[in-house]
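A quick write-up on the structure given underneath.
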Amino acid sequence: MATTISRSEPARTGGNLMLMATAVMAIILALAPVAGIYPVFVMKALCFALFACAFNLLLGFGGLLSFGHSMFLGTAGYVCAYAAKSWGLTPELAILLGTIAAAALGTLVGALAIRRQGIYFAMITLAVAQMMYFFYLQTPFTHGEDGIQAVPRGRLFGLIDLTNPYAMYYTVLAIFLAAFLFIYRVIHSPFGQVLKAIRENEPRAISLGYDADRYKLIAFVLSATLAGLAGATKAIVFQLASLTDVHWTMSGEVVLMTLLGGMGTIFGPVVGAFVIIALESYLAGFGEWVTVITGTIFVVCVLAFRRGIVGELSAWWARTRN
Amino acid sequence: MQALFGQLLIGLINGAFYAMLSLGLAVIFGLLNIINFTHGAQYMMGAFIAWLLLNKVHIGDWQLGYWSALVIAPIVVGAVGVIIERTMLSRLYKLDHLYGLLLTFGLALVIQGLFRNEFGSSGLPYQIPSLLQGGVNLGFMFLPIYRAWVIVASLIVCLTTWYVIERTKLGSYLRAATENPALVQAFGINVPRMITLTFGFGVGLAALAGVMAAPIYQVNPLMGADLIIVVFAVVVIGGMGSIMGSILTGFGLGVVEGLTKYFYPEASNTVIFVVMVIVLMFRPAGLFGRER
Numbered sequence: 001m002a003t004t005i006s007r008s009e010p011a012r013t014g015g016n017l018m019l020m021a022t023a024v025m026a027i028i029l030a031l032a033p034v035a036g037i038y039p040v041f042v043m044k045a046l047c048f049a050l051f052a053c054a055f056n057l058l059l060g061f062g063g064l065l066s067f068g069h070s071m072f073l074g075t076a077g078y079v080c081a082y083a084a085k086s087w088g089l090t091p092e093l094a095i096l097l098g099t100i101a102a103a104a105l106g107t108l109v110g111a112l113a114i115r116r117q118g119i120y121f122a123m124i125t126l127a128v129a130q131m132m133y134f135f136y137l138q139t140p141f142t143h144g145e146d147g148i149q150a151v152p153r154g155r156l157f158g159l160i161d162l163t164n165p166y167a168m169y170y171t172v173l174a175i176f177l178a179a180f181l182f183i184y185r186v187i188h189s190p191f192g193q194v195l196k197a198i199r200e201n202e203p204r205a206i207s208l209g210y211d212a213d214r215y216k217l218i219a220f221v222l223s224a225t226l227a228g229l230a231g232a233t234k235a236i237v238f239q240l241a242s243l244t245d246v247h248w249t250m251s252g253e254v255v256l257m258t259l260l261g262g263m264g265t266i267f268g269p270v271v272g273a274f275v276i277i278a279l280e281s282y283l284a285g286f287g288e289w290v291t292v293i294t295g296t297i298f299v300v301c302v303l304a305f306r307r308g309i310v311g312e313l314s315a316w317w318a319r320t321r322n
Numbered sequence: 323m324q325a326l327f328g329q330l331l332i333g334l335i336n337g338a339f340y341a342m343l344s345l346g347l348a349v350i351f352g353l354l355n356i357i358n359f360t361h362g363a364q365y366m367m368g369a370f371i372a373w374l375l376l377n378k379v380h381i382g383d384w385q386l387g388y389w390s391a392l393v394i395a396p397i398v399v400g401a402v403g404v405i406i407e408r409t410m411l412s413r414l415y416k417l418d419h420l421y422g423l424l425l426t427f428g429l430a431l432v433i434q435g436l437f438r439n440e441f442g443s444s445g446l447p448y449q450i451p452s453l454l455q456g457g458v459n460l461g462f463m464f465l466p467i468y469r470a471w472v473i474v475a476s477l478i479v480c481l482t483t484w485y486v487i488e489r490t491k492l493g494s495y496l497r498a499a500t501e502n503p504a505l506v507q508a509f510g511i512n513v514p515r516m517i518t519l520t521f522g523f524g525v526g527l528a529a530l531a532g533v534m535a536a537p538i539y540q541v542n543p544l545m546g547a548d549l550i551i552v553v554f555a556v557v558v559i560g561g562m563g564s565i566m567g568s569i570l571t572g573f574g575l576g577v578v579e580g581l582t583k584y585f586y587p588e589a590s591n592t593v594i595f596v597v598m599v600i601v602l603m604f605r606p607a608g609l610f611g612r613e614r
C-alpha cells in the first residue's frame, strides 16, 4: 500500500539556503535570552521542538504515524531523572542513560509495530504506549501521580553548574542544534532517500532490493532515540519526570506540532512546537478550553491546511519565484 | 469463589462494551477505511444524553428515562455522526487514511473539552431504571439484574448486526461495497449514501453502548477516552476483517481481563495490551483478520 502522506517537501530547496536558515535560527535562539525572552519558555519549546523533529523523521520522511511517541519521551525522562537523583550521576551521563533507555524501548516496539502498516501501526503504537503508561503508574520508582520531583540539575561534566539559568539554556540549545543537524544529515543521506522511496511506494522499493522493514526499523529507533534525548533533557531542565509525559495526550500533542508546522519539512516541527507551546502558556488560565482549541487546530489543519505553516510558506515562495 | 464469579461477571460486562464498540469501529473501517477516534467521545455523548434526558427533560409529569434514552441517544449521536461524515470526513477519502484518524482525534478532543467545560470532570451518578433494579441469588453468586440485562442486550445487538451484515440483502450490498465500491456504484447503488448511513450506524452503536454503560460506570466526560485505546487493542487482536471476530474477541478479552483481576490484579490494566503484543508476534493480521 503506497503511503502518500505529505509530499510537501519544498521544491528542491538548495542546501545552502537550508544551512543559512539553520544559522539564522541558531543566532536568534542564541540571542533570545539576551533580548529578554523568558529562557524557561524557550527551553521548554526547544525540548518539544526536538521531540517533534524526531517524530517528523518517522512520519514526514518514513510515512509512519506513531501515536505512542510519548512513551519514548517519558521513559527517557524517568530514567534520566532517576539516574540523576538516586544515583547522583552527572547530567550528561543521566541524559545519555535516558536516551539509551528510549533507544532500547524503540527497538522492541519498532520491531513489533512495523509488522503492520498504516492505521494498524498507529493503533499498535498507541496501545503499547498506554501499556507503558499503566506500567509507570504502578511501578514504585516513578512515584505514581507525584512523579520524580526535585531532580538535581548538577554540574555538566562535573564542571559547569547548571543551576545557572544561562548555563542550562545554552546546554539545551547545544543539544537541540546538534540533534537538529543530525536529523538534517540523516534526511539528506542515502538512507534518508531510501526511506522516502519506501514511503512513496513500498512494494517498488522492495522490488529494487531494499529491505524495507530494516529501513523502517532503523528510522523508528532513530526517532525513538531522539525523542528520548528530548525527554531526558526536559527532565533535567524542569527537574521533574511525571506521568504527563507518558500520557497519550502527549503523543497527540507532538502529532499536532508536526502537523501544524508542516510534516515532511525540516523546520516545520520547530515552528509548530514554538506556536503550540506559546499558545498553551498563553491559554494556561482558560482550563479546558485549551483542549477544545487544540482539537480545533487539529481539525482545521487536516481539512484546510495540510501542508502546515512551513509547507505553505515554501509553496508560496516557490510560486512567487516562478 | 464468590469473588471469582464476580470478576468474571465484570469481565463479561466490560467485554460487552468492548464488543459493541469494536463492532462499530470494524463496520466503519470496512467501508470508510478510517479508524474513528471519536468513537470514545460518541460513547460518552450517549451516556450524557441519557443523563440529560433523565435529569433535565420533563414532559409534564412524565420523565424521559432509560428506555427512551436507548432510542433517542443513538439517533441523536448518529445524526451528529452523519453531519461529521458529510461535512468533514467525506473531504478526506481521496487522501491517505491517516488524515481520517487525525481529524477524528481532533474532533474527540473538541467534544471531550466541551463536555468537561460544561459538566466538570467528576462523575455524575445515573440510577438503574426501576424495572431492572435488584438481583437474583444464583446460589454460587449474586447476580444484579441490570448487569445480566446489559450482557443479554449487547449480545442481541451484536448478533443482530452480524445477521444484517452477513445474511441480508442490505448487508450483501455493504460487503460488496467494502470489496469494491466503484463496481457496486456502477450497478446503481448509491454508495456515498451507504457510507454516510454506515458511519451513522456505527456511531449510533457507540452511543447505545454509552447509554447502557451509564448506570454501571459513572457518567464522565472522559469515560470514553481511555476505553477507546483498549478497544483499539481489541481491534488489533481480532483483526477487522470479520464481524463475528470482533464480537468474540470483545467478549473473550473482557473475560480474560476479569480473570486477571482475580488472579493477578496488578496486571489487569495491561493484560489486553500484553495479549495484543503476543498476538502480533505470532499472527500479525490478528486472530480473525486476513493479510491485505
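First to last, the protein sequences are chains A and B. Each step along the first sequence adds one to the number in the numbering used here, with nothing skipped, and position 38 is 38. Each step along the second sequence adds one to the number in the numbering used here, with nothing skipped, and position 41 is 363. Where a beta carbon is used, it is the ideal one built from N, C-alpha and C, also for glycine. Quick caveat: nothing in here was measured; it's all calculated off a predicted structure.
Contact belief for residue i with residue j at Cβ below 8 Å, rounded distance in angstroms
{"i": "PHE298/A", "j": "LEU229/A", "result": "Actually they are not in contact, since the Cβ atoms of PHE298/A and LEU229/A sit about 26 Å apart, beyond 8 Å."}
{"i": "GLY295/A", "j": "GLY435/B", "result": "6 Å"}
{"i": "ALA395/B", "j": "VAL533/B", "result": "5 Å"}
{"i": "ASN56/A", "j": "GLY209/A", "result": "With a Cβ gap of about 27 Å, ASN56/A and GLY209/A do not count as contacting."}
{"i": "LEU126/A", "j": "LEU420/B", "result": "Actually they are not in contact, since the Cβ atoms of LEU126/A and LEU420/B sit about 13 Å apart, beyond 8 Å."}
{"i": "LEU425/B", "j": "VAL302/A", "result": "4 Å"}
{"i": "ILE266/A", "j": "MET18/A", "result": "6 Å"}
{"i": "GLY608/B", "j": "VAL601/B", "result": "7 Å"}
Cβ-based burial, residue i [other Cβ within 10 Å; buried from 16]
{"i": "GLU579/B", "result": "buried"}
{"i": "ALA150/A", "result": "exposed"}
{"i": "LEU159/A", "result": "exposed"}
{"i": "HIS247/A", "result": "buried"}
{"i": "GLU202/A", "result": "buried"}
{"i": "VAL221/A", "result": "buried"}
{"i": "LYS44/A", "result": "buried"}
{"i": "TYR586/B", "result": "exposed"}
{"i": "GLY400/B", "result": "buried"}
{"i": "ASP146/A", "result": "exposed"}
{"i": "ASN16/A", "result": "exposed"}
{"i": "GLN138/A", "result": "exposed"}
{"i": "GLN193/A", "result": "exposed"}
{"i": "LEU492/B", "result": "exposed"}
{"i": "TRP87/A", "result": "exposed"}
Residue i vs residue j beta-carbon contact at 8 Å
{"i": "ALA30/A", "j": "LEU260/A", "result": "no"}
{"i": "ILE124/A", "j": "ALA111/A", "result": "no"}
{"i": "ALA224/A", "j": "ALA32/A", "result": "no"}
{"i": "MET367/B", "j": "ILE433/B", "result": "yes"}
{"i": "THR233/A", "j": "ILE175/A", "result": "yes"}
{"i": "TYR539/B", "j": "MET516/B", "result": "no"}
{"i": "LEU73/A", "j": "MET263/A", "result": "no"}
{"i": "GLY154/A", "j": "ALA84/A", "result": "yes"}
{"i": "PHE51/A", "j": "ALA227/A", "result": "yes"}
{"i": "LEU283/A", "j": "VAL290/A", "result": "yes"}
{"i": "ILE187/A", "j": "PHE61/A", "result": "yes"}
{"i": "LEU105/A", "j": "MET71/A", "result": "yes"}
{"i": "VAL525/B", "j": "GLY403/B", "result": "yes"}
{"i": "GLY576/B", "j": "PHE610/B", "result": "no"}
{"i": "LEU454/B", "j": "ILE467/B", "result": "yes"}
{"i": "VAL556/B", "j": "SER344/B", "result": "yes"}
{"i": "TRP471/B", "j": "MET566/B", "result": "no"}
Under 9 Å by beta carbon: chain A residues contacting residue i
{"i": "GLU588/B", "result": "GLN138"}
{"i": "GLY328/B", "result": "Here the premise fails: no neighbours, minimum Cβ distance about 22 Å."}
{"i": "GLN455/B", "result": "Simply none; closest approach about 34 Å."}
Chain-order list of residues whose beta-carbon lies under 6 Å from that of residue i (same chain, five-residue window excluded)
{"i": "ALA341/B", "result": "CYS480, ILE569, GLY572 and PHE573"}
{"i": "ILE332/B", "result": "GLY580"}
{"i": "VAL42/A", "result": "ALA32"}
{"i": "GLY352/B", "result": "THR500"}
{"i": "LEU375/B", "result": "LEU386 and ALA391"}
{"i": "THR3/A", "result": "In this predicted model, THR3/A has a pLDDT of only 44, less than 50, meaning its place in the structure is not dependable; the value taken from the coordinates is given anyway. Result list for THR3/A: GLY63 and ARG199, in chain order."}
Under 7 Å by beta carbon: chain A residues contacting residue i
{"i": "ALA555/B", "result": "ALA127"}
{"i": "PRO503/B", "result": "Neighbours of PRO503/B on chain A: none; closest Cβ ~16 Å, over 7 Å."}
{"i": "PHE595/B", "result": "ALA127, VAL128, GLN130 and MET131"}
Min CB distance residue i to chain C below 8 Å
{"i": "PHE441/B", "result": "Protein chains A and B are contained in the structure displayed, whereas chain C is not."}
Chain B residues whose Cβ lies nearer than 8 Å to that of residue i
{"i": "LEU259/A", "result": "LEU424"}
{"i": "VAL255/A", "result": "LEU424 and PHE427"}
Sequence-distant residues of the same chain with beta carbon closer than 7 Å to residue i, five excluded per side
{"i": "LEU77/A", "result": "It is Gly, not Leu, that sits at residue 77/A in the sequence shown. Closer than 7 Å at the Cβ level, and outside the excluded window around GLY77/A, lie GLY98, GLY231, ALA232, LYS234, ALA235, ALA241 and ASP245."}
{"i": "MET463/B", "result": "GLN324, PHE327 and GLY328"}
The ligand HEM heavy atom lying under 7 Å from the CB of residue i
{"i": "PHE238/A", "result": "The model depicted lacks the ligand HEM and carries no ligand whatsoever."}
Proximal residues of chain A, C-beta to C-beta of residue i below 8 Å
{"i": "THR592/B", "result": "MET131, PHE134 and PHE135"}
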